[in-house]
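J.: Encoded as structure tokens, here's the structure I'll be asking about.
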Amino acid sequence: MRHTLVLSAAALTATLLMAPATQAADLALGKKLYSENCVKCHGAEKYSRPDRKVHSMSTLKTYVQGCATNLSLSWFEDEVDAVAAYMNKEFYKFK
Ligand code: HEC
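In this text, residue positions in the sequence shown follow numbering that gives the first Met the number 0: the first is 0, and each later residue adds one.
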């Protein structure tokens, strides 16, 4: 019994270490970062207004980075990517 537990713990650790950065993990991280930092000033109305600024994934990343910088958040590129991916899924829906 004890032996089995040790083995499965090792297998779990190996899975976690080897797991590639999956889309699902990025979206979960993006959602968390977004809801903790980004909902004070604007919401969906900003992203769907007729004169919105963002019209592609690359401008979306630029704005995510820009607002994060304004807020003095020093996000790594993968955090910016995660928030952009989350916002795209929820609001912009670029292909
Ligand atoms: C202190 C207020 C404030 C906070 C907090 C804030 N933003 Fe912004 N954000 C703005 C303002 C103001 C604009 C509009 C800029 C413009 O019209 O050029 C904007 C625009 C944007 C846009 C472009 C909207 C569009 O399509 O026109 C994106 C994307 C965005 N913010 C992402 C974020 C993210 C991600 C965060 C969290 C890191 C965040 N914002 C937090 C003030 C804020």
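Beta carbons are placed, not taken as given, at the ideal position from N, Cα and C, and that holds for glycine.
All figures in this text were calculated on a predicted structure; none of them were measured in a lab.
Suppose you measure from the CA of H54 to the CA of V38; what does that come to, to the nearest Å?
T.: Each residue's alpha carbon lies about 20 Å from the other.
J.: Relative to the C-alpha of C66, which candidate in Y33, L26, A27 has its C-alpha closest?
T.: Nearest C-alpha to C66: Y33.
J.: Name the two residues that bound the continuous alpha helix (DSSP H) containing E78.
T.: Looking at the DSSP string, the run of the alpha helix (DSSP H) that includes E78 is 76-86.
J.: Determine the closest residue to C40 out of N69, G29, K31, with distance taken between C-alpha atoms.
T.: Checking every option, the nearest Cα to that of C40 belongs to N69.
J.: Going straight from the alpha carbon of V82 to that of G42, what length do you get?
T.: Rounded to whole angstroms, V82 to G42 spans 14 Å at the Cα level.
J.: Would the beta-carbon of G29 fall within 8 Å of that of Y91?
T.: No, these two residues do not count as a Cβ contact at 8 Å.
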